[in-house]
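So the working numbering is basically just the index in the sequence shown, starting at one, shifted up by 636.
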Amino acid sequence: MNTNDRRSLQGKRILLIIGGGIAAYKSLDLIRRLRERGAEVRVVMTQAAQEFVTPLSAGAIAGGHVYVDLFDWRTEFDIGHIRLARDTNLVVVAPATADLMAKIAGGHADDIASTVLLAIDKPVLLAPAMNPHMWSNAATRRNLAQLVADGVTVVGPNAGEMAEQGEAGIGRMAEPLEIVAAVESRLAARHETAGSLSGRRVLVTAGPTHEAIDPVRYIANRSSGKQGFAIARAAAAAGADVTLVTGPVPLADPPAVTVIRVESAREMLAEVDRALPADVAVFAAAVADWRVAEPGAQKLKKGAGGTPKLDLVENPDILATVAHGKSKRPLLVIGFAAETEHVINNARAKLDRKGCDWIVANDVSPATGIMGGDRNSVHLVTRDGVESWPNEDKQTVADKLIARIAVTLAAAAK
Ligand code: C5P
637 MNTNDRRSLQ
647 GKRILLIIGG
657 GIAAYKSLDL
667 IRRLRERGAE
677 VRVVMTQAAQ
687 EFVTPLSAGA
697 IAGGHVYVDL
707 FDWRTEFDIG
717 HIRLARDTNL
727 VVVAPATADL
737 MAKIAGGHAD
747 DIASTVLLAI
757 DKPVLLAPAM
767 NPHMWSNAAT
777 RRNLAQLVAD
787 GVTVVGPNAG
797 EMAEQGEAGI
807 GRMAEPLEIV
817 AAVESRLAAR
827 HETAGSLSGR
837 RVLVTAGPTH
847 EAIDPVRYIA
857 NRSSGKQGFA
867 IARAAAAAGA
877 DVTLVTGPVP
887 LADPPAVTVI
897 RVESAREMLA
907 EVDRALPADV
917 AVFAAAVADW
927 RVAEPGAQKL
937 KKGAGGTPKL
947 DLVENPDILA
957 TVAHGKSKRP
967 LLVIGFAAET
977 EHVINNARAK
987 LDRKGCDWIV
997 ANDVSPATGI
1007 MGGDRNSVHL
1017 VTRDGVESWP
1027 NEDKQTVADK
1037 LIARIAVTLA
1047 AAAK
């Protein structure tokens, strides 16, 4: 660790929520590691957590009161659960048990931990820990998917031996230093952006498009919309006035974002045009390159005529249309490039062809698991060079991108 690292969390307020699992003992070390980097750590413990470690130990290491009761009049007068949520830069839930994850995903608020988590408008980092069967259970998978879609960041769990003899698999809580690294990465990206886009208009496209074949069938692609939604969420958190034009995806509207849902590329172009002017436009949508020239007015039938012949015509290129636009071109136009080979060279070529300012390029070859997944490895290709952000969760990629955008706009305004 160099000297810079030692104070990497100086001035930061971390709220640590300790859930009820055997890994809770590691959270005591986590408190120490966060504090030695300069963070002020406030601790909330669930009822179940107190079966594993005591508020006395956690409080002694944190150097302060530990919050365990929603209805404790002393702590409610002193700081209160809403202020606990407000006066913090980031919340860490460690260990995040299956039960706590279910409560957060479901929006429950029946104890101090879940209530604070429902009231929070700051980044949330979960360090799950549970038995491997609980981790792979369909309910936990569902909750995890919901939490990630809601912008929560996850570190771990790792593979290894469980506390129970003979049990092994994925479910061990990430080590305290891994959690600290995830906290640093999340905060570094978010810190630069707070309020940095206030007064700016940001337009984002996301998701796939659906191109009708007939009233029930369509051509689509595997885009999940997660990266575009994360960018819209990060831009709104940075204070921008954000419009998100998205193709069909089952994701909830991010807070404080105007969301316009469309089906086809042509509808997307019309809504993008309506949303302009903007200072920045980020085109994260995976727009279908082609559509069916003449979709059937009725459902196509199997029959004597053999297989139907689908004539395809090219869709408008939304990014290129906006980037080459004369009157309403945003100051900064950013495209995405999903490539399966020669990622950076193809991105450079795309920068010129499309007339945009930056390209965020990623390798979506099936082995990477990026398409539809929660993590991303991207390269930011500008006319000045390439910056690579390997293996980040999509929300952190979004925060980093917004931080770069804010710096660039500020420099342009000088
Ligand atoms: O040409 P390609 O599809 O690889 O380019 C990807 C970039 O162009 C993305 O930013 C995507 O949102 C945008 N695009 C678009 N309209 C299209 C095709 C792509 O805006 N018809």
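In this text, a Cβ means the ideal position worked out from N, Cα and C, and glycines have one as well.
Closer than 7 Å: residue i CB and nearest the ligand C5P heavy atom
{"i": "alanine 973", "result": "yes"}
{"i": "leucine 880", "result": "no"}
{"i": "valine 923", "result": "yes"}
{"i": "alanine 920", "result": "yes"}
{"i": "proline 952", "result": "yes"}
{"i": "alanine 983", "result": "no"}
{"i": "lysine 986", "result": "yes"}
{"i": "threonine 776", "result": "no"}
{"i": "alanine 848", "result": "no"}
{"i": "threonine 789", "result": "no"}
{"i": "alanine 901", "result": "yes"}
{"i": "leucine 955", "result": "yes"}
{"i": "threonine 841", "result": "yes"}
{"i": "lysine 662", "result": "no"}
{"i": "lysine 990", "result": "yes"}
Close-in-space but distant-in-sequence residues of the same chain around residue i (CB under 6 Å, 5 per side omitted)
{"i": "valine 908", "result": "Val881 and Ile954"}
{"i": "alanine 749", "result": "Ile653, Val680 and Thr682"}
{"i": "glycine 864", "result": "Val840, Ala842 and Ala920"}
{"i": "alanine 983", "result": "Ala973, Ile995, Ala997 and Val1017"}
Contacts around residue i, its chain only, beta-carbon distance under 7 Å, and the 5 residues preceding and following it disregarded
{"i": "valine 791", "result": "Leu761, Ala763, Ala810, Glu814, Ile815 and Ala818"}
{"i": "isoleucine 658", "result": "Phe688 and Ala799"}
{"i": "asparagine 1027", "result": "Arg1011 and Ser1013"}
{"i": "alanine 956", "result": "Lys990 and Gly991"}
Candidates the options, of which the one nearest residue i by Cα
{"i": "tyrosine 854", "options": "Leu948, Ile756, Pro1026 and Lys990", "result": "Leu948"}
{"i": "lysine 945", "options": "Leu936, Asp889 and Gly742", "result": "Leu936"}
{"i": "glycine 1021", "options": "Ala732, Phe972, Leu987 and Ile748", "result": "Leu987"}
{"i": "alanine 795", "options": "Phe919, Leu692 and Trp771", "result": "Trp771"}
{"i": "isoleucine 867", "options": "Ala933, His846, Arg902 and Asp889", "result": "Asp889"}
{"i": "arginine 869", "options": "Thr841, Arg668, Arg858 and Val893", "result": "Val893"}
{"i": "alanine 959", "options": "Asn951, Gly971 and Glu950", "result": "Gly971"}
{"i": "isoleucine 968", "options": "Gly647, Arg837, Val885 and Thr1032", "result": "One detail in the question is off: residue 968 reads as leucine in this sequence, not isoleucine. When each option's Cα is compared against that of leucine 968, the closest is Arg837."}
{"i": "lysine 962", "options": "Asp925, Pro913 and Asn951", "result": "Pro913"}
{"i": "alanine 765", "options": "Leu754, Thr879, Gly831 and Gly805", "result": "Gly805"}
{"i": "leucine 754", "options": "Gly700, Asp786 and Val923", "result": "Asp786"}
{"i": "glutamate 975", "options": "Val784, Thr957, Asp999 and His1015", "result": "Asp999"}
{"i": "alanine 746", "options": "Ala911, Gln801 and Leu706", "result": "It should be pointed out that residue 746 corresponds to aspartate in this sequence rather than to alanine. The shortest C-alpha separation from aspartate 746 is found at Leu706."}
Sequence-distant residues of the same chain with beta carbon closer than 8 Å to residue i, five excluded per side
{"i": "isoleucine 650", "result": "Leu670, Ala675, Glu676, Val677, Arg678, Thr724, Asn725, Leu726, Val727, Val728 and Val819"}
{"i": "proline 793", "result": "Ala763, Pro764, Ala765, Met766, Trp771, Ile806, Gly807, Arg808, Met809 and Ala810"}
{"i": "asparagine 638", "result": "Below a pLDDT of 50, predicted positions are generally treated as unreliable, and asparagine 638, at 43, falls in that range; no measurement from the model is reported."}
Which of helix, strand or coil DSSP assigns to residue i
{"i": "glutamate 687", "result": "helix"}
{"i": "glycine 743", "result": "coil"}
{"i": "proline 944", "result": "coil"}
{"i": "histidine 1015", "result": "strand"}
{"i": "threonine 789", "result": "strand"}
{"i": "leucine 645", "result": "coil"}
{"i": "threonine 724", "result": "coil"}
{"i": "leucine 651", "result": "strand"}
{"i": "serine 1024", "result": "strand"}
{"i": "threonine 879", "result": "strand"}
{"i": "leucine 823", "result": "helix"}
{"i": "glycine 695", "result": "helix"}
{"i": "asparagine 773", "result": "coil"}
{"i": "arginine 965", "result": "coil"}
{"i": "valine 958", "result": "helix"}
{"i": "leucine 1037", "result": "helix"}
{"i": "aspartate 993", "result": "coil"}
{"i": "isoleucine 896", "result": "strand"}
Rounded separation between residue i and residue j - CA only
{"i": "glutamate 803", "j": "asparagine 773", "result": "16 Å"}
{"i": "leucine 887", "j": "arginine 642", "result": "39 Å"}
{"i": "glutamate 977", "j": "histidine 717", "result": "50 Å"}
{"i": "glutamate 903", "j": "tyrosine 703", "result": "50 Å"}
{"i": "proline 851", "j": "proline 931", "result": "8 Å"}
{"i": "glycine 861", "j": "serine 693", "result": "43 Å"}
{"i": "alanine 1049", "j": "aspartate 915", "result": "11 Å"}
{"i": "alanine 1042", "j": "serine 834", "result": "10 Å"}
{"i": "arginine 1019", "j": "tryptophan 994", "result": "7 Å"}
{"i": "valine 1017", "j": "cysteine 992", "result": "11 Å"}
{"i": "alanine 734", "j": "alanine 698", "result": "25 Å"}
{"i": "tryptophan 926", "j": "alanine 997", "result": "21 Å"}
{"i": "threonine 789", "j": "alanine 933", "result": "44 Å"}
{"i": "proline 768", "j": "asparagine 951", "result": "46 Å"}
{"i": "alanine 660", "j": "threonine 751", "result": "20 Å"}
{"i": "alanine 901", "j": "alanine 911", "result": "15 Å"}
{"i": "alanine 917", "j": "proline 966", "result": "6 Å"}
{"i": "glutamine 646", "j": "histidine 846", "result": "48 Å"}
{"i": "alanine 684", "j": "glycine 656", "result": "4 Å"}
{"i": "proline 891", "j": "leucine 1045", "result": "23 Å"}
Proximity test, Cβ basis, 8 Å: residue i and chain B
{"i": "leucine 670", "result": "Annotation note: the requested chain B is absent from the structure, which comprises a single protein chain."}
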